[in-house]
Amino acid sequence: MMQKRSTLSLLLISFILVFAFSLSAQQVTVESKNAARCASSVLDVTVDNLSDAGAIEVVLEVTGTGGSFFDAMNVTWNLPAGVLTNQIVDLSGVDNVSPDTVRIAAITDGSGAAACLAAGNAVVAQISFTTNDNCAGTIEVAGGTFSCPSFDVSTQFSDCDGLAVTPAVVNAGTVTVINQDPTIAPIADASLPWGDAYVGNAVGDDLDLANGCEALTYSVVSGPAGLTVNATTGTINWVTTGADVCTHTVEIQVEDACGASASTSFEICVTNEAPTITCPADTLIALGDEFTGMVMGADVDGGPSPLLYSLIDDGGAPGSPSLNAATGEFTWQTDFDEAYKGAFTFGVAVTDGANVCDPCSPANADTCYFTVTVVNFLITIEKSHNSLQGQQQSLDVYMQNSGFENYPMGGFDFLFQYDASALTFQSADPGQFLEDCGWEYFTYRYGPNGNCGTGCPSGEVRVTAIAETNNGQGNHPDCFTNGDPGVSNQLVVLNFLVTNDRTFECMYAPVRFFWYDCGDNTISSVDGNYLFISNHIYNFEDTTGSYSYDLADPSQEFPTAAGANYTCDVAIDDDKPDPLRFIDFVNGGVDIVCADSIDARGDLNLNEIAYEIADAVLYSNYFVYGLSVFTVNEAGQIAASDVNADGISLSVADLVYTIRVLVGDANPYPKEVVNSPEYVNATYEHHNGVISVDDIEVAAAHVVLSGNVTPTLLADNMTMIADFDGANTRVLVYSIDGNSFTGNMLNVGNAEIVSLDMADALGTQVVAKWIPSEFALAQNYPNPFNPTTTVSFQLPSPSDVTLTIYNVNGQKVTEFSGSYETGAHSIEWDASASASGIYFYRLSAGNFTDVKKMVLLK
């Protein structure tokens with residue numbers, strides 16, 4: 006024992022002096038592991054002894070490569086309690102500069118086997134260390150040699166008895182220093198309007214940060230110009246502009262001190278609000294007008310560029326519709342050309358110039374469409390040419406020609422004026438357009454209209470037509486415009502009789518539109534929401550080429566021929582439709598033929614030989630057989646009939662003058678001469694069937710008798726011809742030799758005289774006044790009546806007349822008295838102040854008295 010203790014003491018003193026060796030395989034293993042930079046960790050030192058050991062000495066050499074080393078190192082024993090309790094750790098060879106030498110030893114206290122390290126595998130010590138700040142490298146802990154002055158010491162074990170020392174193999178351990186890569190948190194995608202600033206944060210991390218020797222640096226890998234990231238804090242900043250609209254991908258990188266990096270990408274959606282556009286309302290304009298409207302753009306984000314307007318669809322409109330790119334003002338000047346008529350739909354756009362991308366900026370523009378309808382109401386009164394006097398002349402009132410589809414209308418109200426001394430209105434007929442479309446209402450009224458004194462025209466006609474009336478289900482017009490090629494453009498036909506007064510030859514009798522108020526000469530839309538009134542007014546000579554002179558003058562007071570005046574323009578911003586000035590009117594009229602442009606007077610058969618016997622025969626036949634005798638050219642033959650140049654054609658005075666010229670008793674008038682008509686007065690009697698004239702020499706007489714009559718000629722030296730036309734018997738008494746008569750003329754029995762025309766021997770028209778052959782009182786008319794009635798009576802001689810009216814009680818109600826000439830007369834009684842009932846009226850004239858009954862029925 007003494008020897009053992011000495012040996013152990015010596016070992017302890019000499020750190021296990023090698024004096025005996027065993028070939029037993031003892032091992033010491035140093036743990037290998039990875040360690041982060043600046044990180045503290047522990048390496049286990051494990052022994053694997055085959056037998057109990059009474060002493061252990063371990064010499065380790067710590068060597069770093071790649072710049073890595075332990076900034077700090079310590080060794081602690083980790084033996085079981087009571088085992089090898091004498092323990093030494095010698096770090097004198099450690100200066101943290103590679104290589105370092107570590108020497109540790111543990112020796113039993115000699116208390117027996119329990120104090121020895123039992124055979125087996127056990128962690129007997131731990132090396133605690135801290136790596137230096139180095140990005141990469143290794144630190145090897147391997148078996149080393151400790152040099153003493155007289156010997157070298159290495160790792161070795163002693164058995165429990167201290168009798169044998171066994172070298173041990175040291176399995177080196179390696180600490181691999183690793184740099185832990187940084188990480189970066191995802192950054193959320195962002196969306197913001199252009200012009201706003203983006204502020205975000207990049208958040209990086211690195212496990213090395215906990216060791217206190219790491220620093221992270223942020224940078225922009227890719228992204229839009231102007232975007233920055235704070236290298237230290239990771240704060241991202243970007244002030245956007247209009248040019249940045251769209252999606253931008255941003256990559257932010259974080260890098261540690263060793264150059265390791267991580268990055269993340271995200272998107273910033275820079276948005277743009279597209280502008281909105283408002284078009285002008287759909288509009289009606291008149292042909293020749295300029296349309297001006299504002300296209301209004303609005304942009305809530307004010308850009309990025311100033312609003313720019315463009316015309317994207319001109320709707321096929323002629324001319325040059327234009328849109329001001331900067332202001333949005335749209336203008337289109339129409340012209341008096343059919344190409345401009347109709348509805349034109351224009352497309353316009355506004356853009357703010359932003360980039361276009363989805364979804365940040367799916368659009369940078371807005372569009373809208375509006376319709377401008379050029380209302381093609383051109384209402385024209387026809388102008389006739391070379392109209393013959395004494396003949397009927399029809400004038401069409403028509404809208405624009407049939408080759409063009411006019412704007413739909415639901416009705417019209419036209420007022421025409423004419424010169425009643427030149428034209429006599431006969432009737433108005435619905436035009437073919439109304440017939441083609443099945444319009445349901447048409448009427449006309451003529452005569453005085455209104456109280457305008459001398460301002461009223463002498464002749465007026467109002468024509469009204471309505472397409473649709475309330476006349477039962479299923480009854481509707483077929484059309485409101487002439488879009489179908491088979492539909493006429495004729496609205497109204499005005500029928501006039503042209504005066505026979507030759508003082509009007511070669512003159513123009515105008516027929517014009519006339520206004521008393523805003524409702525005259527108007528057209529309604531189909532739905533009745535719009536009333537169209539006059540815009541321009543022209544005379545017929547302005548209807549070709551460019552319209553030269555506009556008669557419209559809104560400053561004129563009513564009544565006027567200058568169109569609807571300023572009072573009709575009721576633009577008062579009340580959200581109600583105002584009358585629209587969309588109708589152009591063209592006046593017309595009758596151009597009466599000039600005398601020198603028609604055939605010569607007296608050449609009734611138009612054989613270019615005037616005043617020959619055939620002309621007289623043909624003329625006489627006219628009075629019996631009517632216009633059917635004019636078979637060559639009716640209008641021309643009538644024009645040649647005013648032989649006596651009094652302005653009245655087809656008169657018995659003309660026949661007499663024809664015969665006078667024929668027999669050489671008078672000279673023909675030149676055809677350009679027109680005299681004022683001359684008349685002589687005469688009276689005739691019709692008594693007991695005999696027609697007689699006693700106060701004038703009659704050269705010709707034309708008598709029309711009611712019914713089929715066989716007259717007897719009573720006048721000497723005269724010729725009679727007669728014919729029944731189906732309703733009346735026409736009788737002509739004349740002399741081809743130029744004879745005349747006075748006294749009895751014809752015996753016509755009880756036939757009624759419809760008309761009687763006579764001429765004297767000079768060819769002058771006779772105004773014949775009928776002389777009754779006896780007193781007579783006629784039945785009042787109408788009867789019954791309310792409240793007025795007319796009492797007629799006949800006087801064969803001048804007389805003082807009294808007409809007395811009595812009620813059924815014989816009381817006198819009223820009385821009329823006076824002196825009357827020979828002839829037929831009438832008195833009108835207004836019974837407004839009398840009660841309904843039976844009344845009697847008595848006429849007293851000279852020795853004549855008669856009483857009749859009448860009924861007042863209120």
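For the working numbering, count along the sequence shown from 1 and bump the result up by 5. Here a beta-carbon is modelled for each residue, glycine too, at the ideal position from N, C-alpha and C. Fair warning: this is a prediction, and the values are worked out from it, not measured in the lab.
Cβ neighbours of P789 within its own chain (closer than 6 angstroms, five residues either side excluded): V860, L862.
Spatial neighbours of V305 in its own chain (CB-CB distance under 7 angstroms, excluding positions within 5 residues in sequence) are listed in chain order as E278. Buried is the label assigned to Q394, since at least 16 other Cβ atoms lie within 10 Å of its Cβ. In this structure, the beta-carbon distance from Y521 to P584 does not fall below 8 angstroms. Assigned with DSSP and collapsed to three states, I653 falls in coil, not helix or strand. Spatial neighbours of G416 in its own chain (CB-CB distance under 7 angstroms, excluding positions within 5 residues in sequence) are listed in chain order as A470, I471, A472, S529.
D558 has its alpha-carbon roughly 13 angstroms from the corresponding atom of D574. The C-alpha of G743 is placed about 15 angstroms away from the C-alpha of P673. Counting every other CB atom within 10 Å of its CB across the protein chains shown gives I112 a total of 16 or more, marking it as buried.
About 13 angstroms separates the Cβ atoms of L496 and G593, ruling out a contact at the 8 angstroms cut-off. In the three-state reduction of the DSSP assignment, Q405 falls in the coil class. Contact between L328 and S310 does not hold, since the beta-carbon distance rounds to 17 angstroms and is not under 8 angstroms. Here E260 is buried: its Cβ has 16 or more other Cβ atoms, across all protein chains shown, within 10 Å. In the DSSP assignment, S196 falls within the beta strand (DSSP E) that extends over 195 to 198. In the DSSP assignment, I758 falls within the beta strand (DSSP E) that extends over 758 to 765. The residue among D608, T504, G748, A840 with its C-alpha nearest the C-alpha of P792 is A840. For C274, the uninterrupted beta strand (DSSP E) run begins and ends at 266 to 276, by DSSP. Assignment of D522 by DSSP, reduced to helix, strand and coil, places it in the coil class. Annotation for F438: the continuous alpha helix (DSSP H) segment containing it runs 437 to 442. Per DSSP, the beta-bridge partners of N749 are S697. Setting aside the 5 residues that flank it on each side, V250 is surrounded in the same chain by W199, V275, N277, A359, N360, S366, each with a C-beta closer than 6 angstroms to its C-beta; the list follows chain order. Nearest neighbour of Q31 by Cα position, chosen from N54, T504, T527, S46, turns out to be N54. The three-state secondary structure of E779, taken from DSSP, is coil. Restricted to the segment 613 to 659, the alpha helix (DSSP H) segments that are unbroken, complete and at least 4 residues in length are 618 to 630, 639 to 644, listed in chain order. By the C-beta density criterion, N785 is buried, having at least 16 other C-beta atoms within 10 angstroms. The C-alpha of Q405 lies about 25 angstroms from the C-alpha of D319.
With a cut-off of 8 angstroms on Cβ pairs, the segment 708 to 716 is in contact with the segment 728 to 744, counting three or more such pairs. Contact holds between the segment 71 to 83 and the segment 95 to 113, because three or more Cβ pairs, one in each stretch, are under 8 angstroms apart.
Non-local beta-carbon contacts of Q131 in its own chain, meaning distances under 8 angstroms to residues more than five positions away in sequence, involve V47, L48, D49, V50, V80, T81, N83 in chain order. In the structure shown, the three-state DSSP call for I542 is strand.
One Cα belongs to P462, the other to L420, and the distance between them is close to 11 angstroms. DSSP places R507 within a helical segment (H, G or I) once states are collapsed to three. Checking the DSSP bridge columns, you'll see A147 partnered with E66. Looking at N752, S646, N544, R665, the one whose alpha-carbon comes closest to that of G694 is N752. Per the C-alpha coordinates, the member of L632, V818, G87 positioned closest to I810 is V818. Separation of W834 and T795 (C-alpha to C-alpha, rounded to the nearest whole angstrom) is 6 angstroms.
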